[in-house]
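For reference, the structure is listed below as structure tokens.
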Amino acid sequence: MPRTTTEVLDLPLTVRPEPDELIQAAMQWHFGPETGSPFWLERAKSLPFDPRTDVKTHDDLVLFPNMAAELRDVPAQDLIPRGYGRSPEVVGVFESGGTTGAPKRVVLLRDWLERMLHWSNRNLDAHGFVRGVDWLGLVPTGPHIVGEYFRRSATTHGRHGFTIDLDPRWVKKLIASGRGADADSYAEHLVDQAAFILRTQDIGILTITPPLLERIARRDDLTELVNEKVRAIRWGGTQLDPDSRYLYKTEVFPGTALCGNYGSTMILGFAGERPGLPDDAGCVFDPYSPYVTFSVVDPETLRPVGYGDRGRVLVHHVSKSFFLPNNLERDVATRIEPLAGQAGDAVADIAPVTTFENEAVIEGVY
1 MPRTTTEVLD LPLTVRPEPD ELIQAAMQWH FGPETGSPFW LERAKSLPFD PRTDVKTHDD
61 LVLFPNMAAE LRDVPAQDLI PRGYGRSPEV VGVFESGGTT GAPKRVVLLR DWLERMLHWS
121 NRNLDAHGFV RGVDWLGLVP TGPHIVGEYF RRSATTHGRH GFTIDLDPRW VKKLIASGRG
181 ADADSYAEHL VDQAAFILRT QDIGILTITP PLLERIARRD DLTELVNEKV RAIRWGGTQL
241 DPDSRYLYKT EVFPGTALCG NYGSTMILGF AGERPGLPDD AGCVFDPYSP YVTFSVVDPE
301 TLRPVGYGDR GRVLVHHVSK SFFLPNNLER DVATRIEPLA GQAGDAVADI APVTTFENEA
361 VIEGVY
């Protein structure tokens, strides 16, 4: 007996839908007058097709235009599907980094947060991250969704989460205005705060960006402290090249598990490093398919490049709480074959483009 739309969208956390089954259920939900969000119900009027009848497979998502830029101005309330009723469990409204102009906004609902955390925590288990220990996060908080995911990961996979203030927009602004020395001082200020927590608390897992991890590795006392206390390091935000990854795993932090994430606010989450990769290999990232899927494409034609070739990362997010297809991210990557049963591509060797939406891309500390 076929499952209903809500049954497909509300499957237990341990069960993943078949990709095309998810697409068909999501089209009925997001474009149904009683269940869709005001944003998509209004945009549907100008589409040259009917999503409920014409979009039946994962491949059909390419019919949609890229609507991500509109998330800069749309009222956040208009992004919530009506099917959640009058009191949806909103965890928060979060913004993109603001690297390339005004930030875009998304609404994080509790059901998606719990689904993403369950998948993420299982990925951490596969990398040998011990459960029940305290976490320290050197990640953006405030309007940035990564801070919320850190806090929830720390309390569901770990015990307590310790954080410091990290404002990546200020660092990027300093760099853009030629104040590199001030940006450097700010980064050292962040590491100083982390050092105090590492010295006084029993930190078992460190979540950090590669530029800040590099600064910790420069200090012999902090390297010794991490090796003494920290059982695992989770990195993300900017990329870690294969040579640095190998050095950290084999020489700098040899007894510490190391695992990367690749994500963005616009996908409401992240992809996880594939377990079991050799120490001397780069990271391969697998998204939470079929809810989040990647395609590595030629940016002009939006057609997939060959496996092993480089192109722009195109992202689809299809879940009960959020729908955003064909979002062309500001990153280039190598296209990698997905794991068996996964929709879309895996990605590796990620790097930012130099310009995005006519703005220069500056990474800074995140």
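Start counting the sequence shown at 1; every next residue gets the next number (full-length UniProt numbering).
Glycine included, each C-beta is placed from N, C-alpha and C at the ideal position.
Computed from a prediction, not measured in an experiment: that's the story for all the values here.
Span of the beta strand (DSSP E) around residue i
i, result
"ARG335", "323–336"
"ALA194", "Not the beta strand (DSSP E): ALA194 falls in the alpha helix (DSSP H), residues 180–200."
"ASP134", "134–138"
"GLY204", "203–208"
"THR163", "161–163"
Straight-line gap, residue i to residue j (C-alpha atoms, nearest Å)
i, j, result
"PRO51", "GLY341", "25 Å"
"GLY308", "PHE285", "14 Å"
"ALA348", "ARG303", "18 Å"
"PRO17", "VAL8", "7 Å"
"ILE164", "LEU138", "6 Å"
"LEU71", "GLU224", "44 Å"
"VAL313", "THR155", "31 Å"
"residue 368", "ARG159", "For the chain, the structure presents residues 1 to 366; residue 368 sits outside this window and is missing."
"MET116", "ASP192", "32 Å"
"SER177", "ASN66", "31 Å"
"GLU300", "GLY161", "43 Å"
"HIS58", "THR6", "18 Å"
"PRO143", "GLU95", "5 Å"
"PHE294", "VAL62", "12 Å"
"ALA351", "PRO338", "19 Å"
"GLN24", "ASP54", "10 Å"
"PHE129", "ARG234", "9 Å"
"SER37", "SER153", "28 Å"
"ARG219", "GLY147", "26 Å"
"ASP60", "CYS259", "33 Å"
"ALA187", "ARG122", "32 Å"
"PRO211", "GLN28", "44 Å"
"VAL252", "ALA217", "7 Å"
"SER244", "THR354", "22 Å"
Chain B within 8 Å of residue i, Cβ atoms only
i, result
"THR35", "Reference to chain B is not applicable here, since this structure consists of a single protein chain."
Buried or exposed by the 16-neighbour rule on C-beta atoms within 10 Å, applied to residue i
i, result
"ARG274", "buried"
"SER87", "exposed"
"PHE49", "exposed"
"GLN77", "exposed"
"SER264", "buried"
"VAL15", "exposed"
"LEU206", "buried"
"SER46", "exposed"
"PRO81", "buried"
"LEU213", "buried"
"GLY272", "buried"
"residue 401", "Since the first residue shown for the chain is 1 and the last is 366, residue 401 is missing from the structure and cannot be characterised."
"ALA102", "exposed"
"PRO254", "exposed"
"ASN227", "exposed"
"GLY269", "buried"
"ARG215", "buried"
"PRO290", "buried"
"GLY97", "buried"
"ASP345", "buried"
Spatial neighbours of residue i in its chain, beta-carbon cut-off 8 Å, leaving aside the 5 residues before and after
i, result
"ASP202", "VAL133, ASP134 and LYS229"
"THR334", "VAL296, GLY308, ASP309, ARG310, VAL347, ALA348 and ASP349"
"ASP10", "ASP111 and LYS320"
"VAL305", "VAL296, VAL297, ASP298, GLY311 and ARG335"
"VAL74", "PHE39 and ARG105"
"GLU329", "SER264, MET266, ARG312, VAL313, LEU314 and VAL315"
"LEU277", "CYS283 and VAL284"
"GLU34", "ARG82 and GLY83"
Sequence-distant residues of its chain with Cβ nearer than 7 Å to residue i (five each side left out)
i, result
"GLY85", "none"
"TRP40", "HIS30, PHE31 and PHE323"
"ALA126", "PRO275"
"HIS118", "LEU13"
Residue i: first and last residue of the uninterrupted alpha helix (DSSP H) it sits in
i, result
"ASP349", "No alpha helix (DSSP H) holds ASP349; the beta strand (DSSP E) holding it covers 346–352."
"THR238", "Taken as a continuous stretch (DSSP letters only), THR238 belongs to no alpha helix (DSSP H), as it is neither H nor E."
"LEU174", "168–176"
"SER153", "145–156"
"GLN24", "19–30"
"LYS229", "220–229"
"LEU9", "5–9"
Close-in-space but distant-in-sequence residues of the same chain around residue i (CB under 6 Å, 5 per side omitted)
i, result
"ASP182", "LEU174"
"LEU136", "PHE162, ILE197, ILE203 and LEU206"
"ASP280", "TYR246"
"ALA195", "LEU222"
"VAL91", "LEU108, ARG110 and LEU113"
"PHE150", "GLY137, VAL139 and THR207"
"ASN326", "PHE64 and ASN66"
Residue i beta carbon near the ligand SAH (any heavy atom closer than 7 Å)
i, result
"ILE205", "Among the components of this structure there are no ligands whatsoever, and the ligand SAH is therefore not found."
Note down, one range per segment and in chain order, each beta strand (DSSP E) of at least 3 residues found wholly within the segment 246–316.
-> Secondary structure in the segment 246–316: the beta strand (DSSP E) runs of 3 residues or longer, each lying completely within the stretch, are 257–264, 269–273, 284–286 and 292–297 in chain order.
Write down every uninterrupted run of the alpha helix (DSSP H) in the segment 35–122 whose length is 4 residues or greater and which is fully enclosed by it, in chain order.
-> Runs of the alpha helix (DSSP H) inside the segment 35–122: 38–43 and 51–54.
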